[in-house]
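**Student:**
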Amino acid sequence: MVEENIILRIKSKLDDLSKAEKKIGEYILQHSVETVNYNTSELAEKAGVSPATIVRFCRSIGLSGFSQLKIQLYADSSGVAENLYTDITPNEEVTLIAEKLALRFNQSISQTANHLDTNRIEEIAKLLDHCSVIYVYGLGASHVVAEDFTQKFSRIGKPVVNTLDHHLLVSSLINAHEQSLFVAISNSGETNEVIKLTQVAKQRGIHTVGISQNENSTLVKLVDYPVIHHGGEAVMLRSAATTSLISQLFVVDVLYYAYVNRNSKEILNMLKDSKINIQSLFRKENG
1 MVEENIILRI
11 KSKLDDLSKA
21 EKKIGEYILQ
31 HSVETVNYNT
41 SELAEKAGVS
51 PATIVRFCRS
61 IGLSGFSQLK
71 IQLYADSSGV
81 AENLYTDITP
91 NEEVTLIAEK
101 LALRFNQSIS
111 QTANHLDTNR
121 IEEIAKLLDH
131 CSVIYVYGLG
141 ASHVVAEDFT
151 QKFSRIGKPV
161 VNTLDHHLLV
171 SSLINAHEQS
181 LFVAISNSGE
191 TNEVIKLTQV
201 AKQRGIHTVG
211 ISQNENSTLV
221 KLVDYPVIHH
231 GGEAVMLRSA
241 ATTSLISQLF
251 VVDVLYYAYV
261 NRNSKEILNM
271 LKDSKINIQS
281 LFRKENG
């Protein structure tokens, strides 16, 4: 398992906690160093909750108990400047911006890797073997991920249809073969165009995959194969959009390599032939 930073894990889960658990989370974020020295009763008193709520809080953030929380708080606070956990603010030095983003990127990928449903990834990779065409759609930052998906799978011989024109994509989906696959990408899982296109694909009997951060979203509940990623809490300067993008790209990479692994010999030969032909083509043009 990849180690997650406990401070950023608490921040990313705050909105999902109960009111009492949220009070604990907020207290720990403001007093992480002091919390290491408290017992359960002392922390409960400081945060204004019951000791039982401390136990529930630990389980809600994926820990076995308060002892594990203290161990991770101690490990993560050792040698790490507290201001690295804060949002990017105006007039910061580039060095500090880079450190903060690196910390958030590592956290987002760690969370995604630790919670990714690998069985679901294997199911989708197996499904790709029998797909005649893959349709993929993402809007805004998610379109960058759709482009990355298209580039990766196209170069190994999978036909991929990817366009920002959702009207054109609707026409393609209506006439698509049932052996096709539609991959919908939306961080929120509530993007209107993504939902409408997914509904069309479902009506046509096409298999659907949804990549989203929100496991309770409309998209996740609608698709046949939901894939959940993680990626930082929302902040003023949109670092969450940046980290969620990194997490989505990571999911596409995992899916890509899972598929390649199933067909490694054939795909490696294909990539080798492709490289030789491209090099030969450009040598002729330059000659």
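If you read the sequence shown in UniProt numbering, its first letter stands for residue 1, the second for the next number, and so on.
Beta carbons are placed, not taken as given, at the ideal position from N, Cα and C, and that holds for glycine.
#1: Could you name the residues that DSSP lists as bridge partners for A184?
#2: Which residue or residues does DSSP assign as beta-bridge partners of P51?
#3: Taking L181 as the reference, give the member of L173, S188 and N187 with the closest Cα.
#4: Can you tell me the Cα-Cα spacing of L249 and D148, whole angstroms?
#5: For my contact list, I24 and T53 are in at a C-beta cut-off of 8 Å; report their separation, rounded to the angstrom.
#6: Could you tell me which residues DSSP puts in a beta bridge with N162?
#7: Taking all protein chains shown into account, do 16 or more other C-beta atoms lie within 10 angstroms of the C-beta of K22, making it buried, or fewer, making it exposed?
#8: Taking all protein chains shown into account, decide if Q111 is buried (16 or more other Cβ within 10 angstroms of its Cβ) or exposed.
#9: What whole-angstrom Cβ distance do V144 and L255 have, given they're in contact under 8 Å?
#10: Kindly indicate which residue of L17, I206, N39 and T163 has the alpha-carbon position closest to the one of N175.
#11: Within the same chain, show all residues whose beta-carbon is closer than 6 Å to that of L268, passing over the 5 residues directly before and after it, in chain order.
#12: Go through its chain and collect everything with a Cβ distance to S142's Cβ below 7 Å, but skip five positions before and after it.
#13: Over the uninterrupted alpha helix (DSSP H) stretch that includes V194, give me the two end residues.
#14: Using only alpha-carbon positions, find the residue among N261, E266 and K272 that is nearest to I124.
#15: Using DSSP bridges, identify the partner residues of I228.
#16: Given this structure, state the Cα-to-Cα distance separating A81 from E34, to the nearest angstrom.
#17: Helix, strand or coil for S67, going by three-state DSSP, please let me know.
#18: State the Cα-Cα distance for the pair I10 and A258, rounded to the nearest angstrom.
**Tutor:** Per the coordinate set shown:
#1: One-based indexing of the sequence shown puts residue 184 at position 184. Y137 and G210, per the DSSP bridge assignment.
#2: Position 51 of the sequence shown holds residue 51. BP columns for P51 are empty, so no partner.
#3: The sequence position of residue 181 within the sequence shown is 181, counting from 1. Closest option to L181, Cα to Cα, is L173.
#4: Stepping through the sequence shown from its first residue, residue 249 is reached at position 249. Stepping through the sequence shown from its first residue, residue 148 is reached at position 148. The straight-line gap from Cα to Cα measures roughly 7 Å.
#5: Locating residue 24 in the sequence shown gives position 24, counting from the first residue. Locating residue 53 in the sequence shown gives position 53, counting from the first residue. Correct: roughly 7 Å between the Cβ atoms.
#6: In the sequence shown, residue 162 corresponds to position 162, counting from 1. For N162, DSSP records a beta bridge to V136.
#7: Here residue 22 is taken as the residue at index 22 of the sequence shown, counted from 1. It is buried - the Cβ of K22 has at least 16 other Cβ atoms within 10 Å.
#8: Position 111 of the sequence shown, counted from the first residue, corresponds to residue 111. That one is buried.
#9: In the sequence shown, residue 144 corresponds to position 144, counting from 1. In the sequence shown, residue 255 corresponds to position 255, counting from 1. Their Cβ separation, rounded to whole angstroms, is 16 Å, which puts V144 and L255 out of contact at 8 Å.
#10: For the purposes of this step, residue 175 is identified with residue 175 of the sequence shown, where counting begins at 1. The shortest Cα separation from N175 among L17, I206, N39 and T163 belongs to I206.
#11: Along the sequence shown, read from residue 1 onward, the residue named residue 268 stands at position 268. Within the same chain, no residue comes within 6 Å of L268 by CB-CB distance, once the 5 residues on both sides are set aside.
#12: By one-based count along the sequence shown, residue 142 stands at place 142. If the five residues before and after S142 are omitted, its C-beta is found closer than 7 Å to the C-beta atoms of I185, S186, N187 and Q248, all from its own chain and listed in chain order.
#13: Within the sequence shown, residue 194 is the residue found at index 194, counting from 1. Run containing V194: N192 to Q203, per the alpha helix (DSSP H) assignment.
#14: What you label residue 124 is simply residue 124 of the sequence shown in a count that begins at 1. Ranking the options by Cα distance to I124, first place goes to N261.
#15: Mapped onto the sequence shown, residue 228 falls at position 228. Beta-bridge pairing links I228 to S212.
#16: The count along the sequence shown starts at 1 and reaches residue 81 at position 81. The count along the sequence shown starts at 1 and reaches residue 34 at position 34. A caution first: A81 carries a pLDDT of 47, below 50, which makes its placement in the model unreliable, though a value can still be read off. So the two alpha carbons sit approximately 15 Å from each other.
#17: Position 67 of the sequence shown, counted from the first residue, corresponds to residue 67. In the structure shown, S67 sits in a helix (DSSP, three-state: H, G or I).
#18: Here residue 10 refers to the residue found at position 10 when the sequence shown is read from its first residue. Here residue 258 refers to the residue found at position 258 when the sequence shown is read from its first residue. In this model, I10 and A258 are separated by some 30 Å (Cα to Cα).
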